[in-house]
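Novice:
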Ligand SMILES: *Cc1c(COP(=O)(O)O)cnc(C)c1O
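What follows is the structure, encoded as structure tokens:
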């Protein structure tokens with residue numbers, strides 16, 4: 214116990230950056246071109262090639278990418294969009310930008326992705342689109358989602374903020390449906406500090422999103438300030454200010470080169486956690502479907518409050534005392550005051566997501582973690598499991 218508390222604090226996240234990202238940013242600073250330019254274009258090209266999509270548009274966040282995607286499919290006031298309650302608020306918030314309604318869907322109990330059976334229960338005549346979220350980096354059952362969308366004439370916009378790089382049935386996330394949004398936020402699997410990417414194979418959607426991501430101007434600044442560019446441009450729509458800078462893209466380019474090796478490092482950590490924790494009483498390790506490649510953005514153990522004498526928050530406190538930083542992903546949207554007040558959601562409506570939330574703990578998982586650090590987390594959880602497990606009467610009587 215004392216040796217554990219004396220160890221240095223293990224934070225929930227550390228970014229995986231080295232001298233190469235630093236040098237790439239310095240190069241951009243020396244180049245005289247800071248905002249969207251050659252680096253952003255190169256990042257888009259390389260990203261599109263990596264996932265195997267025709268178009269990749271770099272933007273300043275995944276939230277922006279999702280917003281542009283919904284604008285491109287023509288979402289209107291009064292429309293409804295199906296999305297999981299178990300997600301970050303960004304997924305739903307962009308729907309409200311249009312005066313449309315986020316219609317929340319429960320999770321399935323295996324991978325905690327959007328439940329295909331619950332989808333059909335929430336369908337109405339106003340339903341316009343579905344936004345599946347590949348929770349923790351485990352792809353959704355996209356065959357079911359796409360089949361449901363086609364049968365009901367719905368657009369699909371994937372929130373792949375957790376799912377880079379990930380595969381479903383051998384195909385990269387980013388090539389499964391017409392529109393997929395990625396996040397390069399500081400804690401995500403590829404980071405540019407802040408940033409995002411929207412990918413599509415559809416030329417019309419790509420053209421619309423290209424226009425809207427920079428003020429609805431017919432030419433972007435990059436073209437205007439090229440040697441043969443002209444000062445003349447036309448504003449054809451009231452667009453947004455969503456472009457990614459070359460400073461950020463330079464980081465992204467280096468990160469992209471490492472993406473596969475960073476993913477296998479996270480997979481190594483996940484494997485070690487699962488080996489160490491799979492028989493810990495009161496803690497359920499994550500399941501992985503045979504037909505996916507997991508991105509391992511998050512490693513979530515789900516504790517069973519009925520098997521331990523302490524609740525989820527107290528487990529996190531106990532781990533904190535042992536020098537380990539954890540987190541919770543996510544508080545289901547319907548439990549937040551805004552969604553309750555504005556859309557009338559109530560506790561009890563999404564039992565799988567709520568049960569999950571009462572037990573979920575995200576453990577540190579990032580490539581720079583050493584095996585010793587992973588083992589420290591495993592030991593701490595095993596220790597909590599032993600100290601706080603409930604002893605049943607049957608066992609006591611033995
Ligand atoms: C992080 C996250 C987002 C938002 O990404 P940003 O790049 O910060 O806008 C959206 N959806 C989910 C599920 C996320 O985890």
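Numbering (this note's numbering), first residue to last: 214 to 611. Even for Gly, the Cβ is constructed at its ideal location relative to N, Cα and C. Note that the structure is predicted; figures quoted are calculated from it, not measured.
Do you know how far the Cα of residue 363 is from the Cα of residue 379?
Specialist: Counting from 1 along the chain shown, the entry for residue 379 is found at position 166. Counting from 1 along the chain shown, the entry for residue 363 is found at position 150. Residue 379 and residue 363: Cα-Cα distance of roughly 23 Å.
Novice: For residue 631, is the beta carbon positioned less than 6 Å from some heavy atom of ligand 1?
Specialist: Limits of the chain in this structure are 214 at one end and 611 at the other, which puts residue 631 out of reach.
Novice: Where are the beta strand (DSSP E) runs, 3 residues long or more, that stay fully inside the segment 347-394, in chain order?
Specialist: 368-372
Novice: Quick one: grab the DSSP three-state call for residue 217.
Specialist: Here residue 217 refers to the residue found at position 4 of the chain shown. Residue placement at residue 217 cannot be trusted, given a pLDDT of 49 that sits under 50; what the coordinates show is reported in the next sentence. Helix, per DSSP.
Novice: Is it the case that the CB of residue 552 approaches a heavy atom of ligand 1 more closely than 6 Å?
Specialist: Position 339 of the chain shown, counted from the start, is the residue given in the question as residue 552. False, no ligand heavy atom lies under 6 Å from that Cβ.
Novice: Taking 6 Å as the limit, name every residue whose beta carbon sits nearer than that to some heavy atom of ligand 1, in sequence order.
Specialist: This criterion selects 274, 275, 276, 300, 301, 303, 304, 346, 372, 374, 375, 396, 398 and 409.
Novice: Count Cβ pairs between the segment 472-479 and the segment 404-423 that sit closer than 8 Å; are there 3 or more?
Specialist: no
Novice: Mind checking residue 449: buried by the 16 CB within 10 Å criterion, or exposed?
Specialist: Position 236 of the chain shown holds residue 449. Exposed is the call here.
Novice: State the CB to CB distance for the pair residue 578 and residue 541, rounded to an integer number of angstroms; the pair is presumed to be in contact (CB under 8 Å).
Specialist: Here residue 578 refers to the residue found at position 365 when the chain shown is read from its first residue. Here residue 541 refers to the residue found at position 328 when the chain shown is read from its first residue. Contact flag wrong, Cβ pair sits at about 14 Å.
Novice: Here's the rule I'm using: 16 or more other beta-carbon atoms within 10 Å means buried, otherwise exposed. How should residue 603 be labelled?
Specialist: Your numbering for residue 603 matches position 390 in the chain shown. Under this definition residue 603 is an exposed residue.
Novice: Who are the near neighbours of residue 326 in its chain, counting only those whose CB is closer than 6 Å to its CB and skipping five residues on each side?
Specialist: The residue you call residue 326 lines up with position 113 of the chain shown. The residues are 348 and 353.
Novice: Can you tell me the Cα-Cα spacing of residue 276 and residue 409, whole angstroms?
Specialist: In the chain shown, residue 276 corresponds to position 63, counting from 1. In the chain shown, residue 409 corresponds to position 196, counting from 1. Approximately 8 Å, taken between the alpha carbons.
Novice: Taking its Cβ as the centre, do 16 or more other Cβ atoms sit within 10 Å of residue 304, making it buried, or is it exposed?
Specialist: If you number the chain shown from 1, residue 304 lands on position 91. So residue 304 ends up on the buried side.
Novice: Within 10 Å of its beta-carbon, does residue 216 have 16 or more other beta-carbons around it, so buried, or fewer, so exposed?
Specialist: Here the question's residue 216 lines up with position 3 in the chain shown. With a pLDDT of only 48 at residue 216, under 50, the local geometry of the prediction cannot be trusted, and the value read off the model is given with reservation. Burial call: exposed.
Novice: What's the C-alpha gap between residue 488 and residue 376?
Specialist: Residue numbering aside, residue 488 sits at position 275 when the chain shown is read from its first letter. Residue numbering aside, residue 376 sits at position 163 when the chain shown is read from its first letter. So the alpha carbons of these two residues sit roughly 23 Å apart.
Novice: Specify, as a first and last residue, the run of the alpha helix (DSSP H) that residue 550 falls within.
Specialist: Locating residue 550 in the chain shown gives position 337, counting from the first residue. Looking at the DSSP string, the run of the alpha helix (DSSP H) that includes residue 550 is 550-556.
Novice: Compute the distance between the beta-carbons of residue 229 and residue 583, then report whether it is under 7 Å.
Specialist: Your numbering for residue 229 matches position 16 in the chain shown. Your numbering for residue 583 matches position 370 in the chain shown. It is not a contact, given that the beta carbons lie outside the stated cut-off.
Novice: Beta carbon of residue 465, beta carbon of residue 451: below 7 Å?
Specialist: Within the chain shown, numbered from 1, the residue matching residue 465 stands at position 252. Within the chain shown, numbered from 1, the residue matching residue 451 stands at position 238. Not a contact, by the Cβ cut-off of 7 Å.
Novice: Per DSSP, residue 470 forms a beta bridge with which residues?
Specialist: For the purposes of this step, residue 470 is taken as residue 257 along the chain shown, with counting starting at 1. In DSSP, residue 470 forms no bridge with anything.
Novice: Per DSSP, what kind of secondary structure is residue 518 in: helix, strand or coil?
Specialist: By 1-based counting over the chain shown, the position of residue 518 is 305. DSSP places residue 518 in coil when its eight states are reduced to three.
Novice: Mapping DSSP to helix, strand and coil, what is residue 273?
Specialist: Position 60 of the chain shown, counted from the start, is the residue given in the question as residue 273. Correct three-state label for residue 273: coil.
Novice: Please classify residue 267 as buried or exposed, where buried requires at least 16 other C-beta atoms within 10 Å of its C-beta.
Specialist: In the chain shown, the residue the question calls residue 267 occupies position 54. Its Cβ having fewer than 16 others within 10 Å, residue 267 is exposed.
Novice: Closer than 8 Å is the cut-off here; do at least three beta carbon pairs connect the segment 593-602 with the segment 493-503?
Specialist: yes
Novice: Can you give, in chain order, each stretch of the beta strand (DSSP E) that sits fully within the segment 255-342 and has at least 3 residues?
Specialist: 268-272, 293-297 and 314-318
Novice: What separation, rounded to the nearest whole angstrom, lies between the Cα atoms of residue 507 and residue 395?
Specialist: Along the chain shown, one-based indexing puts residue 507 at 294. Along the chain shown, one-based indexing puts residue 395 at 182. In a straight line, the C-alpha of residue 507 is about 15 Å away from that of residue 395.
Novice: Going straight from the alpha carbon of residue 586 to that of residue 516, what length do you get?
Specialist: If you number the chain shown from 1, residue 586 lands on position 373. If you number the chain shown from 1, residue 516 lands on position 303. Cα-Cα distance, rounded: 21 Å.
Novice: Where does residue 602 fall in DSSP's three states?
Specialist: For this step, residue 602 is matched to residue 389 along the chain shown. Per DSSP, reduced to three states, the secondary structure at residue 602 is strand.
Novice: Taking buried to mean at least 16 other C-beta atoms within 10 Å of its own C-beta, is residue 529 buried or exposed?
Specialist: Residue mapping note: residue 529 aligns to position 316 of the chain shown, counting from 1. By the neighbour-count rule (16 or more Cβ atoms within 10 Å), residue 529 is buried.
Novice: Are the CB atoms of residue 355 and residue 324 within a distance shorter than 7 Å?
Specialist: What you label residue 324 is simply residue 111 of the chain shown in a count that begins at 1. What you label residue 355 is simply residue 142 of the chain shown in a count that begins at 1. Not in contact: residue 324 and residue 355 (Cβ atoms no closer than 7 Å).
Novice: Using a Cβ distance threshold of 8 Å, determine whether the segment 229-244 contacts the segment 541-552, with at least three qualifying pairs required.
Specialist: no
Novice: Among the residues of its own chain, which have a CB less than 7 Å from the CB of residue 264, if the five just before and after it don't count?
Specialist: Here residue 264 corresponds to residue number 51 of the chain shown, with the count starting at 1. Within the same chain, residue 264 has close Cβ partners 385, 387, 388 and 412.
Novice: Do you know offhand how far residue 310's Cα is from residue 591's?
Specialist: Indexing the chain shown from 1 puts residue 310 at position 97. Indexing the chain shown from 1 puts residue 591 at position 378. Their Cα atoms are separated by approximately 43 Å.
Novice: In whole angstroms, what separates the C-alpha of residue 463 from that of residue 240?
Specialist: Locating residue 463 in the chain shown gives position 250, where the first residue counts as 1. Locating residue 240 in the chain shown gives position 27, where the first residue counts as 1. Going by the C-alpha atoms only, they are around 9 Å apart.
Novice: Mind checking whether residue 335 and residue 295 have CB atoms under 7 Å apart?
Specialist: In the chain shown, residue 335 corresponds to position 122, counting from 1. In the chain shown, residue 295 corresponds to position 82, counting from 1. Result yes, Cβ atoms of residue 335 and residue 295 sit closer than 7 Å.
Novice: For the beta strand (DSSP E) containing residue 576, list its first residue and its last residue.
Specialist: Taking the chain shown and counting its residues from 1, one reaches residue 576 at position 363. Segment 573-576, the beta strand (DSSP E) holding residue 576.
Novice: Can you give the Cα-Cα distance for residue 224 and residue 399, rounded to whole angstroms?
Specialist: Counting from one through the chain shown, the residue named residue 224 turns up at place 11. Counting from one through the chain shown, the residue named residue 399 turns up at place 186. Straight-line Cα distance between these residues: approximately 14 Å.
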